[in-house]
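Read the structure below first, then the notes.
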Ligand code: KG4
Ligand code: ZN
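Residue numbers (the numbering used here): 3 to 323.
This is the structure we're talking about:
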């Protein structure tokens, strides 16, 4: 059994996953409410909250899996990219757990973790495939040739898709983080009400700053008191522009690279319109789209473990190498 720990941003999560990919527990404590009043994640606040939560979340995961620490054979932890202080809480907890039982430790790349959420699905895609990773922190196209890693073939030049959803939701008064709320608001709106721009930058990259600015102007130009009445249409049109950009870019890259299978992972993979727009794609299971430790434990199955006690000097990294 693998014990996974994820603390890269504002979710404190501990999971227990078997070597053959059965999720015995996947407890996620979200700090979203704590950061909502600031309109974004405050790193120092996140670190402190991880520190308070990591113990109780671990206890809850063990209880949910009806197991105990002696059953754990490997400890896996997110090493980066993410908030350095937040990552260090998870890494310290993982080191302590592994060291106390003389267990090996597997450092996992967060992006690899998102891709590995696919390997926990009953209908996991066969490699090779082209993976769209769209989250709050990243938007990338990854060429996945084996389960141990990937090659980046495209990335966003400015905002991540999830960030664009969150900023749009904020402009529409839908709270933070508003991706899911915007998705719900869009369901009753007309996606053709506004023609928001779909960026087509060279190569396989993405850009979401233009669409965000277009929404800002559309909201600003509304007559006073009109936002309430136009919110659903604005949400639907804005979501349509982001989803169109994601789908167009992904399909064009798949064609150019000769990829026969497309997969979608990350928080934005939970978006209902994106899921519907790619019916042939392998989609991360809904509960595993946003940050969680089960995907980290899953990635650990395909990552080299560091034997006891060599990992004691292991450090976090904030940005992708
Ligand atoms: O993967 P994730 O939990 O965190 C990062 O690694 O960044 O992704 C969180 C992002 C947030 O921006 C959130 O608004 C977005 O995923 N998100 C959605 C939906 N659910 C979550 N965006 C659009 N539609 C959704 N249904
Ligand atoms: Zn993530």
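Positions of the beta carbon are idealized from the N, C-alpha and C atoms, including for glycine.
Problem set entry | Closer than 5 Å to the ligand ZN: residues, by C-beta to nearest heavy atom, in chain order | 137 and 293
Exercise. Do the region 265–273 and the region 5–24 touch if we need at least three Cβ pairs shorter than 8 Å?
Worked result: When Cβ pairs closer than 8 Å are counted between the two stretches, the region 265–273 is seen not to touch the region 5–24, the count staying below three.
For this session: Output the distance between the C-alpha atoms of residue 244 and residue 210, rounded to the nearest integer angstrom.
Result: Looking up residue 244 in the chain shown gives position 242. Looking up residue 210 in the chain shown gives position 208. Roughly 7 Å between the two C-alpha positions.
Problem set entry | Simplified DSSP assignment, three categories, for residue 43 | In the chain shown, counting from the first residue as 1, residue 43 sits at position 41. Of the three classes helix, strand and coil, the one that applies to residue 43 here is coil, per DSSP.
For this session: Would you tell me roughly how many angstroms separate the C-alpha atoms of residue 162 and residue 73, rounded to the nearest one?
Result: Here residue 162 refers to the residue found at position 160 of the chain shown. Here residue 73 refers to the residue found at position 71 of the chain shown. Between residue 162 and residue 73, the C-alpha separation is close to 39 Å.
For this session: Report the rounded CA-to-CA distance for residue 287 versus residue 23, giving the unit in angstroms.
Result: The residue you call residue 287 lines up with position 285 of the chain shown. The residue you call residue 23 lines up with position 21 of the chain shown. Their backbone Cα atoms lie some 13 Å apart in a straight line.
Problem set entry | Spatial distance of residue 16 from residue 42 (CA atoms) | Sequence index remark: in the chain shown, residue 16 carries index 14 (1-based). Sequence index remark: in the chain shown, residue 42 carries index 40 (1-based). For residue 16 and residue 42, the distance between alpha carbons rounds to 23 Å.
Exercise. DSSP on residue 167, reduced to helix/strand/coil?
Worked result: Counting from one through the chain shown, the residue named residue 167 turns up at place 165. Correct three-state label for residue 167: helix.
Problem set entry | Alpha-carbon to alpha-carbon, residue 240 and residue 25 | To locate residue 25, count along the chain shown from 1; it is residue 23. To locate residue 240, count along the chain shown from 1; it is residue 238. Approximately 35 Å between the Cα atoms of the pair.
Exercise. Is residue 167 near the ligand KG4, in the sense that its beta carbon is under 8 Å from a heavy atom of that ligand?
Worked result: By 1-based counting over the chain shown, the position of residue 167 is 165. Yes, the beta carbon of residue 167 sits closer than 8 Å to at least one heavy atom of the ligand KG4.
For this session: Tell me whether the beta-carbon of residue 187 lies closer than 9 Å to the beta-carbon of residue 238.
Result: Here residue 187 refers to the residue found at position 185 of the chain shown. Here residue 238 refers to the residue found at position 236 of the chain shown. Contact: yes.
Exercise. Just how far apart, CA to CA, sit residue 193 and residue 235?
Worked result: On the chain shown, position 191 is the one that residue 193 refers to. On the chain shown, position 233 is the one that residue 235 refers to. Each residue's Cα considered, the two are about 6 Å apart.
Exercise. What separation, rounded to the nearest whole angstrom, lies between the Cα atoms of residue 308 and residue 219?
Worked result: For the purposes of this step, residue 308 is identified with residue 306 of the chain shown, where counting begins at 1. For the purposes of this step, residue 219 is identified with residue 217 of the chain shown, where counting begins at 1. One C-alpha to the other measures close to 52 Å.
Exercise. Taking the Cβ atom as the reference point for each residue, do residue 175 and residue 298 lie within a distance shorter than 9 Å?
Worked result: Numbered from its first residue, the chain shown carries residue 175 at position 173. Numbered from its first residue, the chain shown carries residue 298 at position 296. Taking 9 Å as the cut-off, the Cβ atoms of residue 175 and residue 298 do not count as close.
For this session: Take residue 316 and list the residues in its own chain whose beta-carbon comes closer than 8 Å to its own, dropping the five residues that flank it on each side.
Result: As a working note, residue 316 is residue 314 in the chain shown. If we look at residue 316 and ignore the five residues flanking it on each side, its Cβ neighbours are 81, 93, 97, 107, 109 and 308.
For this session: May I ask you to report which of helix, strand or coil DSSP gives residue 174?
Result: Mapped onto the chain shown, residue 174 falls at position 172. Coil.
Exercise. Does DSSP put residue 75 in a helix, in a strand, or in coil?
Worked result: Taking the first residue of the chain shown as position 1, residue 75 is located at position 73. Coil, per DSSP.
Problem set entry | Among 202, 180, 87 and 264, nearest to residue 39 - alpha-carbon criterion | Counting from 1 along the chain shown, the entry for residue 39 is found at position 37. Among 202, 180, 87 and 264, the Cα nearest to that of residue 39 is on 180.
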